[in-house]
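These notes are about the structure you will find just below.
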């Protein structure tokens, strides 16, 4: 079954304690991205990756890091989480061919609370 | 800066009504426009539109794109309570295929 898997689904952590949210896809997609979703603000892109070892900032990258060492995995790292990073996070993957993306497949979401 | 604006932000209707959701965009080097439905979980894909004037249909849902006027509409006919959700419009563009989303339209269908 085609899917994007994020872990953990829920996380409560304290300010400053480094954490990683994992994301893995089994569709051999080149394109992966991270979004955060906040009430009234919609989905905002944090980082994206067009392929292995190719990553770039989205609209709200401050306080986040990513890496893309393998095609299937795209972890999101918060080196020193702060309360304003409390949010619902989604990982998504897609492929692109013929000059356009295909539909983006989303993970189940990670609800992060930083206290 | 790429911009996607959805309207209305919120809509309450009765079962059986027909609704039209709007999405306008300003995106460099447009590639595609996608509609998603989001209930209390991850967004699920509805339609992808790349060409003007070609309607996509799936049951009671349909969508069309106007690349000249830079907008798309999502129609839902004979609404049901199960249509209650946030509907997201995303537009892909640029050399990096970036997908920019609007804030969504919260649709509530009352019995």
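Protein chains in written order, with our numbering: chain V, 1 to 115; chain L, 116 to 226.
Every residue, glycine too, gets a C-beta built ideally from N, C-alpha and C.
Beta-ladder partner(s) of residue 162 of chain L, from DSSP: The bridge partners DSSP lists for residue 162 of chain L are L/150.
Close beta carbons around residue 52 of chain V, own chain, < 8 Å, minus the five adjacent residues each side: Listed in chain order, the non-local C-beta contacts of residue 52 of chain V below 8 Å within the same chain comprise 68, 69, 70, 71, local neighbours out to five positions each way being set aside.
3 or more residues per run - each beta strand (DSSP E) lying fully within the stretch 180-215 of chain L: You should have 186-191, 200-208.
Under 8 Å from the C-beta of residue 199 of chain L: neighbouring residues of chain V: Counting only Cβ-Cβ distances below 8 Å, residue 199 of chain L has no contacts in chain V at all, with the closest Cβ about 17 Å away.
Cβ pair residue 50 of chain V, residue 31 of chain V closer than 7 Å: Their beta carbons are under 7 Å apart, which means residue 50 of chain V touches residue 31 of chain V by this criterion.
Chain-ordered chain L contacts of residue 43 of chain V [CB-CB under 7 Å]: 203, 216, listed in chain order.
Cβ shell of residue 105 of chain V (< 8 Å), same chain only, five flanking positions each side left out: Excluding five sequence positions before and after residue 105 of chain V, the CB atoms of its chain that fall closer than 8 Å to its own CB belong to 2, 3, 4, 25, 27, 29, 92, 93, 94, given in chain order.
For residue 90 of chain V, the first and last residue of its enclosing beta strand (DSSP E): DSSP places residue 90 of chain V in the uninterrupted beta strand (DSSP E) bounded by 87-94.
Close-in-space but distant-in-sequence residues of the same chain around residue 60 of chain V (CB under 8 Å, 5 per side omitted): Counting only residues of its own chain and dropping the five nearest sequence neighbours on each side, residue 60 of chain V has a CB closer than 8 Å to the CB of 36, 44, 45, 46.
Test: residue 122 of chain L CB closer than 7 Å to a CB of chain V: Interface criterion not met: the Cβ of residue 122 of chain L is under 7 Å from no Cβ in chain V.
Interface residues of chain V facing residue 160 of chain L [CB-CB closer than 7 Å]: Per Cβ cutoff of 7 Å: 103.
Interface partners of residue 27 of chain V on chain L, CB under 9 Å: Taking the beta carbon of residue 27 of chain V as reference, no residue of chain L falls within 9 Å; the closest one sits roughly 13 Å away.
Beta-carbon separation (whole angstroms), residue 18 of chain V vs residue 82 of chain V, contact threshold 8 Å: Contact check for residue 18 of chain V and residue 82 of chain V: beta-carbon distance about 12 Å, past the 8 Å limit, so the pair fails to qualify.
Nonlocal neighbours in the same chain, by C-beta distance under 6 Å from residue 113 of chain V, ignoring five residues either side: Cβ within range, chain order: 12, 86.
is_contact[residue 3 of chain V, chain L] using C-beta, thresh 7 Å: Against chain L, the CB of residue 3 of chain V has no partner CB under 7 Å away; the residue lies outside that interface.
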